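Note that this note's numbering numbers the sequence shown so that position 111 is 124, with each residue one more than the last.
We put the CB at the ideal spot given by N, CA and C, even for glycine.
This one's a predicted model, so the numbers in the text were calculated from it and none came from an experiment.
Have a look at the structure below before the remarks.
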Amino acid sequence: MFIDFHTHMFPPVIAGRTLAKLAECFGKAPEEDGTYEGLIRSSKASGIDCSVVLPIATKPSQFRTINEFAARFQEGEVISFGSVHPDSSDYKAELKEIQAMGMKGIKLHPDYQNVYFNDIRYKRVVSYAAELDMIISVHAGVDPLCPEDVHCTPQMAVEVVDEVAPGKLVLAHLGGNQQWDEVEQYLVGRDVYLDTAVIFDYIEQEQFLRILQNHGSKKILFATDSPWAGQKRFLDVMKNMPVTEEERADVLGRNAMRLLGLS
Numbered sequence: 014m015f016i017d018f019h020t021h022m023f024p025p026v027i028a029g030r031t032l033a034k035l036a037e038c039f040g041k042a043p044e045e046d047g048t049y050e051g052l053i054r055s056s057k058a059s060g061i062d063c064s065v066v067l068p069i070a071t072k073p074s075q076f077r078t079i080n081e082f083a084a085r086f087q088e089g090e091v092i093s094f095g096s097v098h099p100d101s102s103d104y105k106a107e108l109k110e111i112q113a114m115g116m117k118g119i120k121l122h123p124d125y126q127n128v129y130f131n132d133i134r135y136k137r138v139v140s141y142a143a144e145l146d147m148i149i150s151v152h153a154g155v156d157p158l159c160p161e162d163v164h165c166t167p168q169m170a171v172e173v174v175d176e177v178a179p180g181k182l183v184l185a186h187l188g189g190n191q192q193w194d195e196v197e198q199y200l201v202g203r204d205v206y207l208d209t210a211v212i213f214d215y216i217e218q219e220q221f222l223r224i225l226q227n228h229g230s231k232k233i234l235f236a237t238d239s240p241w242a243g244q245k246r247f248l249d250v251m252k253n254m255p256v257t258e259e260e261r262a263d264v265l266g267r268n269a270m271r272l273l274g275l276s
């Protein structure tokens, strides 16, 4: 079973203008249209069995609309997480509500939520989400929104891991987009999952393989960041990596199945 652990989609009414705005920020065009139908089309063409969608609440007032939309996709080809903002006035109630809606995890984005990941507000959210046994996916490393002001560095992530010890923390972009030297220095070997979202367009294969070997294939999750990277293109990259079949199976789906509780 092939699982893409990091994708995005938007309600049809806002997908076009949202992607246009993000494309201007990123300086690159999306490879799909950012809708549910576009994600299904992409996954079917790629041979991906399940895509995990990661929405982002960029302000506390978005909690209801984002999570009610996300709750519609909880099985089969698309599984969506929820999102809370660290400035929520009642993050515990919101996390419990997300869980009651059937969602298995949340997405946090320190850059878009404008809070550093080692801030006490995030530590509280991560701690309570971990208490609820939820998966916590976090954007890590450089983001085009504010490339000179990284809101989740590997060092910040280590601080959260040391203080909170969340059991199901996933650091996107292999632990720190475009900060992989620091990932190797601070994060490799720690009890965190790293996803491969967007990284195959940037990282040297030698460094990726070194991180995989030293961190362990059981803690690496295949991911694309679709629609910002092509699912088929990234799947082909991972299929052709010079790794063992056991390692490939771990990364492409077995680890994600275990995290998501899929048989």
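Residue range of the beta strand (DSSP E) that includes residue i
i, result
"H19", "I16 to T20"
"V97", "First-last for V97: undefined, no H or E at that position."
"L207", "Y206 to D208"
"V264", "Counting along the chain, V264 falls outside any beta strand (DSSP E), and DSSP gives it neither H nor E."
"V183", "L182 to L184"
Bridge-paired residues (DSSP) for residue i
i, result
"S64", "D17 and V91"
"I69", "Paired residues: none, contrary to the question."
"L275", "BP columns for L275 are empty, so no partner."
"S239", "T20"
Spatially closest choice to residue i from the options, by CA coordinates
i, options, result
"M22", "Y129, L187 and F82", "F82"
"E107", "D46, I61, R77 and I216", "R77"
"K117", "V128, A142 and K72", "A142"
The ligand FMN heavy atom lying under 7 Å from the CB of residue i
i, result
"A236", "With respect to the ligand FMN, the structure shown offers nothing to examine, as it has no ligands at all."
Assigned exposure category for residue i - 16 Cβ within 10 Å defines buried
i, result
"A28", "buried"
"C63", "buried"
"M147", "buried"
"Q244", "buried"
"K194", "Per the sequence presented here, residue 194 reads as Asp, with Lys not at that position. Classification for D194: exposed."
"C38", "exposed"
"Q198", "exposed"
First and last residue of the uninterrupted alpha helix (DSSP H) at residue i
i, result
"H79", "Reading off the sequence, residue 79 comes out as Ile, not His. Taken as a continuous stretch (DSSP letters only), the alpha helix (DSSP H) holding I79 covers F76 to A83."
"S59", "Y49 to S59"
"M251", "Q244 to K252"
"N190", "Per DSSP, N190 belongs to no alpha helix (DSSP H) and is neither H nor E."
"K34", "P25 to F39"
"L200", "Run containing L200: none; DSSP gives neither H nor E here."
"F221", "Q218 to H228"
For this session: Quick one: which unbroken beta strand (DSSP E) runs of 3-plus residues sit fully inside the stretch 112-169? Chain order, please.
Result: 118-121 and 148-151
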